[in-house]
Amino acid sequence: MLSAQASFYARWRVRCGVVSDLREERDSPPEQLLQSIWQHQRLLREQLKTLDGRPVRILHPGFRSVEGGPDFRGAVVQFGDRPPQSGDVEVDLRPRGWRAHGHDRNPAFQRVLLHVVWEDGPAAPGAPPTLGLRRALDAPLGELSLWLGGEAAPGLPETLRGQCCAPLRQLSPARLTRLLHQAARVRLQSKATQFQARARSAGWEQALWEGLFRALGYKHNSWPMLRLAELRPRWQTPGAPPFALQARLFGISGLLPAELPRAPAGGSRYVRQIWDFWWRERDAFSDCLLPHTLWRLHGSRPANHPLRRLALASQWLRDDRLAPKLEAWCRREVPAAALPDSLLETLPIEPDEFWSWHCTFRSPRLRRAQPLLGAARMTDLAVNILLPWLWMRAAEGGNARLQHALEQRYFSWPPAQDNSALRLARQRLLGGATPRALPGAAAQQGLLQMVRDFCDHSNAICDHCQLPKLVQDWMAEDP
Ligand code: SF4
């Protein structure tokens, strides 16, 4: 386990009560932490069983509800071999909470299909199937508390400057970057410990694929993408040709039409081949098919359609030396500005005869070929997945030199594309500073971590937020 107390920023988090030192044998987590554990599925997902012993698979944990009623809406859950079901999830500390909180009499709870509790024990009479989390965490409770820190609904008004804005604006650019990098280090370690926890039960390579798939799902489709990656031992059979992997991914995902679509211009042969191949194999995978409804296909750019992401993943899956290649990449000297391109050389994105020209099986051919992944997205993959994974692997292997090289890479990586979360954070904490105030990807990550640690624990008018005072004290102690 890493020392997350290694930096002054990490000590700030503990001192402010953003994270707490909890032990599962002694403490019950606060219900909010339990909800965060559920939301992020920091669980031994392959081993989940209800209190009455039925295996249960979580295909989607649902969306956190802020309007009263059950804690999570629209979850997709599969009990044993039964078909996946959609419904709500209620999180309570104890099974008896079902009756004690009146959920059994409240019509808003009629669609609850899973009661998630901390403590084991008999399920409440009349309650839906109940899942105990105490013995199902993928890491010790204290580690999860550090990892999850403050998880709350954001929704802060864009126009309001935070109270930390004044002291933060007094910092010189170098000092602000130092603070942001300390927060970024916490974020790097936090992502790395998630990989460490998953690698303990599934192995390093599987943990990497799960991270990559999840990131390729963006925010709307990360859960079905993760589920597909969890099923990798089923569909990535030894010697399976790339075409077979692609057809299986499309088929298992539920995104392949049940009927052969009227083929788009130029793609008829490809579509027919995929379709024919999958329908010969389908029965062999009938126990792990995902429902089409698990995917959220509206509200994102057509070029980001999950089918194109799966086509890309099937390219990367062809390479059975991906992990060693990434490690060789870490050892190469690369100037900071060339880091994204050097990663693209290691994880190439090749043009695809069909998917470079189409967004779905049915869509018309695009006028111009579109890359399967924008180059800018590689920075997100680097800072969120690849560098934390490599860093933790180096730490576990006792390779301090490689770990140091990876940190240098992380802290010198050029900035990612600007986005709405960063814009809001700059507005609130840095008084509307331009993107140039965040000179690299690590500074951006650090700012997002500060929002998570402090803003998400406060409100629009910064009630009880300790960051302004911490920054002022830091300036006074170390002028
Ligand atoms: S809640 Fe805290 S960190 Fe967020 S803007 Fe207000 S003072 Fe700054």
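Residue numbers (the working numbering): 16 to 494. Here a beta-carbon is modelled for each residue, glycine too, at the ideal position from N, C-alpha and C.
Are the beta-carbon atoms of residue i and residue j separated by less than 9 Å?
i    : j    : result
I400 : G226 : yes
W219 : A397 : no
L49  : A138 : no
P272 : W294 : no
L148 : R28  : no
C179 : C480 : yes
F210 : R347 : no
T375 : L322 : yes
Q54  : R72  : no
R443 : A452 : no
V91  : L275 : no
E296 : A259 : yes
Specify, as a first and last residue, the run of the alpha helix (DSSP H) that residue i falls within.
i    : result
R88  : Here R88 belongs to no alpha helix (DSSP H); instead the beta strand (DSSP E) covers 87-94.
E105 : Per DSSP, E105 belongs to no alpha helix (DSSP H); it is in the beta strand (DSSP E), 100-107.
H130 : From DSSP, H130 is part of no alpha helix (DSSP H) but of the beta strand (DSSP E) over 127-132.
I73  : Taken as a continuous stretch (DSSP letters only), I73 belongs to no alpha helix (DSSP H), being part of the beta strand (DSSP E) at 71-75.
I267 : 257-268
C180 : 180-185
R193 : 188-217
A390 : 390-396
Q50  : 46-55
E158 : 156-163
Y24  : 23-30
S435 : 435-445
Applying the criterion that 16 or more other CB atoms from any shown protein chain within 10 Å of the CB defines a buried residue, is residue i buried or exposed?
i    : result
G455 : buried
M240 : buried
G266 : buried
L156 : buried
P172 : Low confidence applies to P172: its pLDDT is 45, below 50, so where it sits in the model is not reliable enough to give any reading.
A351 : exposed
V75  : Looking at the sequence provided, one finds His at residue 75 rather than Val. By the 10 Å Cβ count, H75 comes out buried.
D107 : buried
G136 : exposed
D335 : exposed
Round the Cβ separation of residue i and residue j to the nearest angstrom and send it over; I've been treating them as touching at under 8 Å.
i    : j    : result
V127 : P143 : 5 Å
D119 : V104 : The pair is not a contact, with the Cβ atoms about 16 Å apart (cut-off 8 Å).
A154 : A212 : 4 Å
L358 : W344 : 7 Å
H130 : F426 : That belief does not hold up - the Cβ atoms of H130 and F426 are roughly 44 Å apart, past 8 Å.
G84  : A115 : Actually they are not in contact, since the Cβ atoms of G84 and A115 sit about 17 Å apart, beyond 8 Å.
L462 : L437 : 7 Å
D395 : A199 : So it is not a contact: roughly 14 Å between Cβ atoms.
S531 : P257 : The structure shown does not extend to residue 531, since the chain is modelled only from 16 through 494, so no value can be given for it.
Q385 : A318 : 5 Å
Using CA atoms only, rank isn't needed, just tell me which of the options is closest to residue i.
i    : options                : result
N236 : L305, P248, P188, Q185 : L305
S22  : H116, H320, L203       : L203
W406 : L421, V92, R311        : L421
P366 : L381, E134, L327, R377 : L327
W113 : S101, L146, A458, E492 : L146
G234 : G77, P188, V201        : Residue 234 is actually Lys in this sequence, not Gly. K234 has its Cα closest to that of G77, out of G77, P188, V201.
Please tell me whether, using a cut-off of 8 Å, the distance from the CB of residue i to the nearest non-hydrogen atom of the ligand GDP is below it.
i    : result
L444 : The ligand GDP is absent from the structure shown, which contains only the ligand SF4.
How would you write the range of the beta strand (DSSP E) that residue i sits in, first residue to last?
i    : result
G147 : 145-147
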